[in-house]
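Heads up: the structure comes next, in structure tokens.
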Amino acid sequence: MADTPAVVTELSDAGIATVTWNRPERKNGLNKAMVDEGIAALERIGADDACRVVVLTGAGSSFCSGMDLSERIEPDEVTFMRRVGHLCTLIHDLPLPVISKVRGGAVGYGANLALCADLVIASDTAVFGEIFAERGLSVDGGGSWLVPRLVGLGRAKEIMFLASRITGREAGEMGLVNRCVPDTKLDQATVEWATRLADGPRRALSVIKRQLNASFERSFADAIEAEVMGQSLAFRSKESREGARAFFEKRTPDFRSC
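Residue numbers (the numbering used here): 209 to 466.
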């Protein structure tokens, strides 16, 4: 139906924002509507203090089948691809932990869309398809940056050159994703991680994410200086005071109170 949203966002009482790619009849193939709605959803989440962690997932049997090549690229290739890249950048830069929950196909752009998240939990039904070369296409979705950092340059070239299809189990073994679990356990495993992160120190996790994202571009000296500044501010925060009180009182910290 024309009025069916291409992206659905839900926010739980625990502060877990779930963003669902919602074109199951096209295996969540990416089109302009999904890009625009995805960008709008992530911008809303980033501005909402009630959100503490984000889960990305796909409706139906697939995470995302990549670009929907049955639809026209609008208004032109460069503008469209910059919007696509902006969607990935929002995920990468969002000052909250982001988890991708992947079952079924994550193909082409869909594979790299999943990998843009900070943590990826894959079902044993998942298949990550870096199939660009097979279609006569270059890489998109941040894959040229993400995949070498996850599995090394040599393995990344093998995956990209040979248009590899990687099962969830293989992805877990090579470090392309964080965990591969049986499909029946995927929802539970994702909720456990998301709940733990939602209960965590929102500000501190944001700083840690920013520092780790910049780690490959910084010298050791620059990393040390960034840690000096980050930790100096952290020592003055309500989160660190609550963490210290909880330690001395031998209880679990209540970071939500901060």
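We put the beta carbon where it would ideally sit given N, CA and C, even for glycine.
Alpha carbon to alpha carbon, what distance is there between glutamine 396 and alanine 421? Counted from its first residue, the sequence shown places residue 421 at position 213. Counted from its first residue, the sequence shown places residue 396 at position 188. The question names alanine, yet the displayed sequence has asparagine at residue 421. The straight-line gap from Cα to Cα measures roughly 27 Å.
To the nearest whole angstrom, what separates the beta carbons of glycine 376 and threonine 333, a pair I think is in contact under 8 Å? To locate residue 376, count along the sequence shown from 1; it is residue 168. To locate residue 333, count along the sequence shown from 1; it is residue 125. Indeed, because the Cβ distance is near 7 Å, the residues count as touching under 8 Å.
Counting only runs that start and end within the stretch 378-453, where is the alpha helix (DSSP H) found for 4 or more residues in a row? 391-406, 410-421 and 428-443
Unbroken alpha helix (DSSP H) runs of length 4 or more, entirely within the stretch 306-340: which are they? 317-323
Helix, strand or coil at isoleucine 367 [DSSP, three-state]: Numbered from 1 along the sequence shown, position 159 holds the residue referred to as residue 367. In the structure shown, isoleucine 367 sits in a helix (DSSP, three-state: H, G or I).
Using the beta-carbon count (16 or more within 10 Å), is phenylalanine 424 buried or exposed? Taking the sequence shown and counting its residues from 1, one reaches residue 424 at position 216. Exposed: under 16 other Cβ atoms inside 10 Å.
Spatial neighbours of phenylalanine 463 within its chain, please: CB distance less than 8 Å, with the 5 preceding and 5 following residues excluded, ordered by chain position. Taking the sequence shown and counting its residues from 1, the one referred to as residue 463 is at position 255. Taken in chain order, the residues that qualify are Asp407, Gly408, Pro409, Arg410, Glu447, Glu450 and Gly451.
Whose CA, out of Gly246, Phe443, Arg404 and Ala371, lies closest to the CA of threonine 265? For the purposes of this step, residue 265 is identified with residue 57 of the sequence shown, where counting begins at 1. Here the closest residue by C-alpha is Gly246.
Considering only the alpha carbon of each residue, which of Arg252, Ile253 and Arg260 lies closest to serine 465? What you label residue 465 is simply residue 257 of the sequence shown in a count that begins at 1. Measuring from the Cα of serine 465, the nearest candidate turns out to be Arg260.
Pull up the CB-CB distance for valine 243 and arginine 290, whole angstroms please, since I reckon it's below 8 Å. For this step, residue 243 is matched to residue 35 along the sequence shown. For this step, residue 290 is matched to residue 82 along the sequence shown. Incorrect: roughly 10 Å between the Cβ atoms, too far for contact.
So, are the CB atoms of threonine 226 and glutamate 218 less than 8 Å apart? As a working mapping, residue 226 is identified with position 18 in the sequence shown. As a working mapping, residue 218 is identified with position 10 in the sequence shown. Yes, Cβ-Cβ distance for threonine 226 and glutamate 218 is below 8 Å.
Beta-carbon gap between leucine 361 and leucine 323 smaller than 8 Å: Within the sequence shown, residue 361 is the residue found at index 153, counting from 1. Within the sequence shown, residue 323 is the residue found at index 115, counting from 1. Not a contact, by the Cβ cut-off of 8 Å.
In chain order, what residues of the same chain have a beta carbon less than 8 Å from the beta carbon of valine 335, not counting five sequence neighbours either side? For the purposes of this step, residue 335 is taken as the residue at position 127 of the sequence shown. Gly312, Gly313, Ala314, Val315, Arg373, Ile374, Thr375 and Gly376.
Whose C-beta lies closer than 6 Å to the C-beta of glycine 350 among residues of the same chain, with five residues either side of it excluded? As a working mapping, residue 350 is identified with position 142 in the sequence shown. Excluding residues within five positions, the ones whose Cβ falls inside 6 Å are Cys296, Asn320 and Cys324.
Would you list the residues sitting across from cysteine 259 in a DSSP beta bridge? Taking the sequence shown and counting its residues from 1, one reaches residue 259 at position 51. The partner list for cysteine 259 (beta bridge, DSSP) is empty, contrary to what the question assumes.
Measure the Cβ-Cβ separation of glycine 254 and glycine 318 and say whether it is below 8 Å. Here the question's residue 254 lines up with position 46 in the sequence shown. Here the question's residue 318 lines up with position 110 in the sequence shown. No, the pair does not count as a contact, with Cβ atoms beyond the cut-off.
If you follow the beta strand (DSSP E) that isoleucine 374 is in, where does it begin and where does it stop? Looking up residue 374 in the sequence shown gives position 166. Counting along the chain, the beta strand (DSSP E) containing isoleucine 374 begins and ends at 373-375.
Endpoints, the alpha helix (DSSP H) within which valine 286 is located: Locating residue 286 in the sequence shown gives position 78, where the first residue counts as 1. Taken as a continuous stretch (DSSP letters only), the alpha helix (DSSP H) holding valine 286 covers 285-301.
Any chain B beta carbon closer than 8 Å to leucine 304: The structure shown has no chain B; it contains just one protein chain.
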